[in-house]
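What follows is a single structure, written as structure tokens, with notes after it.
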Amino acid sequence: MHAPRRLSMLAATAATAWALMPHQMAQAAAAQPYQVGVGMSDITGEAAEVGMMGYADLAQKTSGIHQRLRARAFIVQDAATQKSAVVVITDTGLVTQAIHQAVLKRLAGKYGTLYNAQNVLISATHTHAGPGGYSHYALYNITILGFQKKTFEAIVDGIVEAIDKAHRSKAPGDITLNQGELTNASRNRSAPAFRLNAAADRAAFPLEIDPLMSVLTFRQGGKAVGALSLFPTHGTSMTQKNTLISGDNKGYAAYHWEHDQAGVNYRADKNPFVAAFAQTNPGDMSPNLNLKPGSGPTEDEFENTRIIGQRQADKAQALSKQSSTLLQGAVDYRMRYVDMSQVTVSGAYTADGKPHTTCPAALGTSFAAGSEEDGPGPGIAKEGQANPFLAAVGGLVFWPSETLRQCHGVKEVVIPVGEMKPYPWAPEVLPLQLVRVGQLYLATLPGEPTIMSGYRIRRQLAHTLGVDIKQVLVVGYSNAYTEYITTPEEYSIQDYEGGSTLFGPYTQPAYQQELDKLAQDMVNGAPTINNLQPRDLSNSQLNFQT
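For the sequence shown, the positions run 206 to 751 when this note's numbering is used.
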């Protein structure tokens with residue numbers, strides 16, 4: 206797709222300005238254009254006999270704690286306009302739509318319209334070592350044996366409390382941005398699919414990984430009170446054999462910076478420093494450097510968790526001490542719900558220049574096979590082991606329609622997720638959000654984008670916004686969850702990620718188009734019209750845990 210010449214010129218001008226800015230040292234005496242606040246709270250959930258979220262294995266149940274799980278919140282308020290944005294990073298496998306809805310409802314009761322769906326961004330670290338059962342959709346509760354109310358409430362309570370603490374701690378301050386490369390904490394676990402992308406696009410990633418780490422440092426009166434690192438690598442250093450709750454490598458990175466370096470006492474009501482390690486586009490990025498579960502750099506999963514986590518923490522700390530870009534300018538946001546099961550994608554966003562459509566959700570045979578590098582396929586049912594939850598929602602006999610099969614193209618459909626009754630097994634009305642803080646833009650995705658999916662979306666938004674691509678980051682696992690997001694080229698090979706791309710071969714171009722609409726509204730100062738709302742299934746939950 207070719208960007209209009211006007212936008213290309215704007216982007217070039219912005220890139221020149223952006224290139225000059227990182228050399229400015231952010232001085233403590235500089236103007237403090239924002240109110241900033243940080244907060245943290247426990248979200249650990251049930252530590253015994255509850256199915257774990259991530260590897261979809263009936264046999265993997267919690268039996269203790271390696272690391273407690275936490276929600277970390279950051280609030281920034283524009284001193285000029287009073288607009289606020291909230292970013293929350295959770296040590297969970299997912300942020301489900303159920304969690305998103307419940308948090309927003311609680312915030313509305315406390316703060317009215319101050320913190321709402323438009324300006325609250327909740328994203329997961331994607332640990333595979335936490336308790337599950339906090340979705341309202343069957344696909345994510347099958348191997349957990351249903352909805353787990355105690356874990357759900359622990360997560361919602363903790364997120365809201367973290368936001369409360371951040372709100373109470375707000376004070377005049379500033380935010381700096383540092384960016385650099387980390388090359389020894391990830392490998393591309395789906396390289397054959399990645400190599401099907403256009404050579405010109407692949408040139409952006411010569412190592413076949415996305416090494417970009419971005420670090421936001423939040424300061425009050427010149428003193429750092431928090432840091433938010435964004436870097437793509439899966440939360441799968443802990444293997445499927447593990448049954449201890451853990452924040453995995455990103456949880457360890459946060460613990461190392463907060464506890465070991467900043468002296469945080471997690472039992473104190475106020476914390477002197479909050480460090481969160483978020484994801485960007487890690488769909489094909491594995492922390493298992495030997496490309497097999499629990500392997501790389503060592504053969505000990507606990508040691509790997511520590512090493513990969515510490516590499517992220519060390520890099521983030523080093524970047525935060527370098528010359529910084531001081532974020533200046535507006536706080537702004539746009540958000541709307543999109544029915545991803547029936548998006549018509551304009552030819553402006555497709556490789557052949559023709560319009561295409563997305564599909565009702567479906568999973569393919571490669572989803573069932575799983576990822577050889579991080580973990581085998583889902584254990585939805587095991588020989589000799591009954592699954593009463595699965596029986597209650599219809600069993601394992603699926604008959605996808607011919608229309609669905611045709612729409613998904615090369616995918617061999619095994620679970621017609623979007624055709625299940627009485628409602629789909631995964632959400633299809635999904636939140637998309639664009640948050641601006643000064644020169645930086647965060648674009649959310651309710652799933653796991655590969656590095657090339659993230660790159661194409663970032664490039665598009667940068668053109669529209671008239672900024673350098675490094676000023677736009679995608680934030681996966683945000684506000685809802687619907688599996689993977691691959692490019693059409695990657696989808697065609699039907700590796701695990703392609704088989705798990707729910708809405709068909711044009712999923713990534715559809716997200717690119719819909720996020721671009723938000724960017725256009727932001728550039729034009731126009732409101733974003735939202736005509737959809739996701740269904741509320743809170744009164745339709747089952748639990749068969751014994």
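Just so you know, even glycine gets a beta-carbon here, dropped at the ideal spot from N, CA and C.
Query raised in the report: Which one of P651, R424, T286 has the shortest CA to CA distance from N486?
Result: P651
Requested in this report: With distances taken Cα to Cα, identify the nearest neighbour of A556 among V642, D537, R661, T267.
Outcome: R661
Query raised in the report: Can you tell me where the beta strand (DSSP E) with F399 in it begins and where it stops?
Result: Per DSSP, F399 belongs to no beta strand (DSSP E); it is in the alpha helix (DSSP H), 396-399.
Report task. Kindly provide the ranges of any beta strand (DSSP E) runs that are 3 or more residues long and lie completely inside the stretch 283-358, ordered along the chain. Result -> 289-295, 325-329
Query raised in the report: When we look at the beta-carbon of G244 and count the other beta-carbons within 10 Å, is it buried (16 or more) or exposed?
Result: buried
Query raised in the report: Between the C-alpha atoms of N748 and F423, what's the straight-line distance to the nearest angstrom?
Result: 42 Å
Query - CB contact flag (Q265, Q445, <8 Å) - result: yes
Query raised in the report: Okay, do the stretch 678-688 and the stretch 295-313 touch, 3+ Cβ pairs below 8 Å being the bar?
Result: yes
Report task. Using the DSSP secondary-structure output, state which residues sit across from S434 in a beta bridge. Result -> V420, F482
Query raised in the report: Just the Cα atoms here: how many angstroms apart are G337 and I360?
Result: 11 Å
Query raised in the report: According to the Cβ coordinates, are R277 and A367 closer than 8 Å?
Result: yes
Report task. Give the DSSP-derived three-state secondary structure of Y239 in the structure shown. Result -> strand
Query raised in the report: Is it the case that the Cβ atoms of F603 and P627 are separated by a distance below 8 Å?
Result: no
Query raised in the report: Between the C-alpha atoms of L759 and E607, what's the straight-line distance to the nearest angstrom?
Result: Absent from the model: residue 759. The displayed extent of the chain is 206 to 751, so no value can be given.
Query raised in the report: Which partner residues does R277 have in the DSSP bridge list?
Result: M245, I294
Requested in this report: Just mark R472 as buried or exposed, buried being the case when its beta carbon has 16 or more other beta carbons within 10 Å.
Outcome: exposed
**Report entry** Pick from L647, P477, S442, T441 that is closest to V430, judged by C-alpha positions
**Finding:** P477
Requested in this report: Please confirm if the stretch 331-349 is in contact with the stretch 376-390, defined as three or more CB-CB distances below 8 Å between the two stretches.
Outcome: no
Query raised in the report: To the nearest whole angstrom, what separates the beta carbons of I690 and P739, a pair I think is in contact under 8 Å?
Result: Not really, about 18 Å apart at Cβ, beyond 8 Å.
Query raised in the report: Which term fits G659, buried or exposed, when burial requires 16 or more other beta carbons within 10 angstroms of its beta carbon?
Result: buried
Query raised in the report: At what residues does the alpha helix (DSSP H) containing D579 begin and finish?
Result: No alpha helix (DSSP H) contains D579, which DSSP labels as neither H nor E.
**Report entry** Same chain only: Cβ atoms within 6 Å of G764, ignoring 5 sequence neighbours per side
**Finding:** Residue 764 lies beyond the residue range present for the chain, which begins at 206 and ends at 751; the question has no answer from this structure.
Requested in this report: Taking all protein chains shown into account, decide if N509 is buried (16 or more other Cβ within 10 angstroms of its Cβ) or exposed.
Outcome: buried
Report task. Work out the CA separation of M540 and T438 for me, nearest whole Å. Result -> 26 Å
**Report entry** Exposed unless 16 or more other CB atoms sit within 10 angstroms - verdict on A307
**Finding:** buried
Query raised in the report: Should S434 be labelled buried (16 or more other beta-carbon atoms within 10 Å of its own) or exposed?
Result: buried
Report task. Would you check if the distance between the CB atom of G335 and the CB atom of Q484 is smaller than 8 Å? Result -> no
Query raised in the report: According to the neighbour-count rule (16 or more other Cβ atoms, all chains shown, within 10 Å of its Cβ), is E504 buried or exposed?
Result: exposed
Query raised in the report: Can you tell me the Cα-Cα spacing of L678 and G250, whole angstroms?
Result: 30 Å
Query - Distance between V543 and T530 (C-alpha atoms, nearest Å) - result: 34 Å
Report task. Leaving out five residues on either side along the sequence, give the residues of the same chain with a beta carbon under 6 Å from the beta carbon of Y457. Result -> T510, R511, G514
Query raised in the report: What does V615 pair with, by DSSP beta-bridge criteria?
Result: Beta-bridge pairing links V615 to no other residue.
Query raised in the report: So is A667 buried or exposed if we call it buried at 16+ other beta carbons inside 10 Å?
Result: buried
Query raised in the report: Does the stretch 308-326 come close enough to the stretch 670-677 that 3 or more CB-CB pairs lie under 8 Å?
Result: no
Query raised in the report: Quick one, are the C-beta atoms of G569 and V618 less than 8 Å apart?
Result: yes
Query raised in the report: Can you list, in chain order, the residues of its chain whose CB lies under 6 Å from that of V479, leaving out five sequence neighbours each side?
Result: V243, M245, R277, G431
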